[in-house]
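In what follows, a structure is listed as structure tokens, so that the remarks can point back to it.
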Amino acid sequence: MDILRFATAGSVDDGKSTLIGRLLYDSKSTFTDRLAAVEDASRRRGDEYTNLALLMDGLRAEREQGITIDVAYGYFATPKRTFILADTPGHAQYTRNMVTGASTADLAIVLVDATKGMVEQSRRHTFLLGLLGVPHLVVCVNKMDLVGYDQGVFDRIRAEFAAFTTRMATRDVTFVPISALHGDNVVSRSPEMPWYEGPSLLHHLENVHIASDRNLVDVRFPVQYVIRPQSTAVPDYRGYAGQVAGGVLRPGDQVMHLPSGLTTRVAAIDGPDGPVDEATPPMSVTLRLADDLDVSRGDMICRPHNAPAMAQDIDAMVVWMSERPLRPPARLLLKHTTRTVRAVVRELRYRLDVNTLRRDLSATQLQCNEISRLELRVTQPLLCDPYSRNRLTGSFILIDEETNHTVGAGVIN
Numbered sequence: 005m006d007i008l009r010f011a012t013a014g015s016v017d018d019g020k021s022t023l024i025g026r027l028l029y030d031s032k033s034t035f036t037d038r039l040a041a042v043e044d045a046s047r048r049r050g051d052e053y054t055n056l057a058l059l060m061d062g063l064r065a066e067r068e069q070g071i072t073i074d075v076a077y078g079y080f081a082t083p084k085r086t087f088i089l090a091d092t093p094g095h096a097q098y099t100r101n102m103v104t105g106a107s108t109a110d111l112a113i114v115l116v117d118a119t120k121g122m123v124e125q126s127r128r129h130t131f132l133l134g135l136l137g138v139p140h141l142v143v144c145v146n147k148m149d150l151v152g153y154d155q156g157v158f159d160r161i162r163a164e165f166a167a168f169t170t171r172m173a174t175r176d177v178t179f180v181p182i183s184a185l186h187g188d189n190v191v192s193r194s195p196e197m198p199w200y201e202g203p204s205l206l207h208h209l210e211n212v213h214i215a216s217d218r219n220l221v222d223v224r225f226p227v228q229y230v231i232r233p234q235s236t237a238v239p240d241y242r243g244y245a246g247q248v249a250g251g252v253l254r255p256g257d258q259v260m261h262l263p264s265g266l267t268t269r270v271a272a273i274d275g276p277d278g279p280v281d282e283a284t285p286p287m288s289v290t291l292r293l294a295d296d297l298d299v300s301r302g303d304m305i306c307r308p309h310n311a312p313a314m315a316q317d318i319d320a321m322v323v324w325m326s327e328r329p330l331r332p333p334a335r336l337l338l339k340h341t342t343r344t345v346r347a348v349v350r351e352l353r354y355r356l357d358v359n360t361l362r363r364d365l366s367a368t369q370l371q372c373n374e375i376s377r378l379e380l381r382v383t384q385p386l387l388c389d390p391y392s393r394n395r396l397t398g399s400f401i402l403i404d405e406e407t408n409h410t411v412g413a414g415v416i417n
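Residues 5 to 417, numbered by my numbering, are exactly what the sequence shown covers, in order.
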């Protein structure tokens, strides 16, 4: 079985945690003792029903306020597929947490409250998902029970959302009307909405095609660690550990080391349980090379005639995550794959309005949660690809040198 990573998105109180709780409950993927604890907590809170959102909202502050603050990860499986889910917060001030949870997702579920329609945070999250290159979106129009399961409400929200995404690069968008509270169209089709002819949410998650989403053409292997055991059992062992970011690697393949440009061959590939015949994304493996090269953390192993760009001037879209505004020429640390370098923000080209997608060319600074196109200069060349081609080698984070806090996330144009 393959693994589908998905994240939730949408505005506060749109029902993200309730949907995930319902999905886990109806698919019988939660333990009896955990469910009993949620039922007890619901009674003590005075809820009229078992609050399935508590299956995901584990922090004390989350339960007290009835909101999601941090990203909550969960795991479950059906006979068809294994799932890793990230339940992300909807509050604007926690947008940075949503970006973290969705950055590795194959699919995102965007919830829209049927009683409110699309709001600013719905648009912000949708745009961020497009910016992050999440290839599949499922728009769940939730709380259909509160509008009498009216098809007209669903059609209106679907048309509004479709019009918004036409200006984005999102390729696959599916719409499902649901009631997370009552389970309508979550795990099985609902008799309350006979006008809806599509699949249930779980059926779509089990069958969406994701095999072609990963880049299996461009070999990219950022070196994370050099393994030299200094052991009598393996006295001459030298391996280069890391996660395959693209392409397929096999023993005997000719490869090139960057930044030196020297070529060699893959002697062997070691996985957690021993040698493997091939390595594909997102496997974490150790490469052994036929020749002794000067390879260290931050270097890249690729194909001789298919190399990433070596760039010091970076054009990128950046989400700013700090309460302190960003003003050029700010100096920051930039972490790209396994390489960390110093960077300076040379120019803020424009700030993007997430509601209209218009560009504000007069912007001189970035506030928290704002999105901008920046030009950066780094002290050492990055071995990078456009984000549209490779999500790992085309992305980076920005770090404050003084506090070591992550203050921004960017994708390379």
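Each residue gets a CB set at the ideal place from its N, CA and C atoms; glycine is no exception.
- Between the stretch 303-313 and the stretch 197-215, the count of Cβ pairs shorter than 8 Å is below three; the stretches do not touch.
- Here T397 is buried: its Cβ has 16 or more other Cβ atoms, across all protein chains shown, within 10 Å.
- Apart from sequence neighbours up to five positions away, the residues of its chain that approach S194 with a beta-carbon distance below 7 Å are D188, ordered along the chain.
- Here V415 really is in contact with A320; their C-beta atoms are around 6 Å apart, less than 8 Å.
- Beta bridge pairing from DSSP links F80 with F87.
- Separation of T86 and D6 (C-alpha to C-alpha, rounded to the nearest whole angstrom) is 6 Å.
- Distance from the CA of Q247 to the CA of L132, rounded to the nearest whole angstrom, comes to 25 Å.
- The shortest C-alpha to C-alpha distance from Y391 to any of Y229, G105, N219 is the one to N219.
- Along the length of the stretch 306-390, whole beta strand (DSSP E) runs at least 3 residues long occupy 313-324, 335-340, 343-356, 375-388, reported in chain order.
- For the pair of segments examined, the stretch 8-16 was found to touch the stretch 120-134: the number of CB pairs separated by less than 8 Å reaches three.
- Buried is the label assigned to H340, since at least 16 other Cβ atoms lie within 10 Å of its Cβ.
- In the assembly as shown, R224 is a buried residue. Its beta-carbon has 16 or more other beta-carbons within 10 Å.
- Burial of Y98 is indicated by the presence of at least 16 other C-beta atoms within 10 angstroms of its C-beta.
- Rounded to whole angstroms, D117 and L150 show a C-alpha spacing of 10 Å.
- In the DSSP assignment, N211 falls within the alpha helix (DSSP H) that extends over 205-211.
- Straight-line measurement puts the Cα of R269 at about 5 Å from the Cα of D257.
- Looking at the backbone, the Cα of L402 and that of P329 are separated by about 13 Å.
- The stretch 235-293 is shown to contain whole beta strand (DSSP E) runs of 3 or more residues at 243-247, 258-262, 267-275, 288-293, in chain order.
- When C-alpha distances from N417 are compared across L266, V322, T119, the shortest belongs to V322.
- The beta carbon of V103 lies closer than 8 Å to those of L132, L136, V323, M325, A413 in the same chain, with the five residues before and after it left out.
- In the structure shown, the three-state DSSP call for I113 is strand.
- Pairing S107 with T410, the inter-Cα distance amounts to about 14 Å.
- Around the beta carbon of P276, a 10 Å sphere encloses fewer than 16 other beta carbons of the protein chains shown; the residue is thus reported as exposed.
- Judged by DSSP secondary structure, L141 falls outside any alpha helix (DSSP H) and instead within the beta strand (DSSP E) spanning 140-146.
- Residue environment for K147: buried (at least 16 other C-beta atoms within 10 angstroms of its C-beta).
- Assigned with DSSP and collapsed to three states, A118 falls in coil, not helix or strand.
- In this structure the stretch 363-371 does not lie against the stretch 282-293, because fewer than three pairs of beta carbons, one per stretch, are closer than 8 Å.
- Collapsing the DSSP output to three states places M102 in a helix.
- Around the CB of S399, 16 or more other CB atoms lie within 10 Å, so the residue is classed as buried.
- A straight-line Cα-Cα distance of about 8 Å links A283 and I273.
- In chain order, R377 place their CB closer than 6 Å to the CB of R353, counting only its own chain and leaving out the 5 sequence neighbours on each side.
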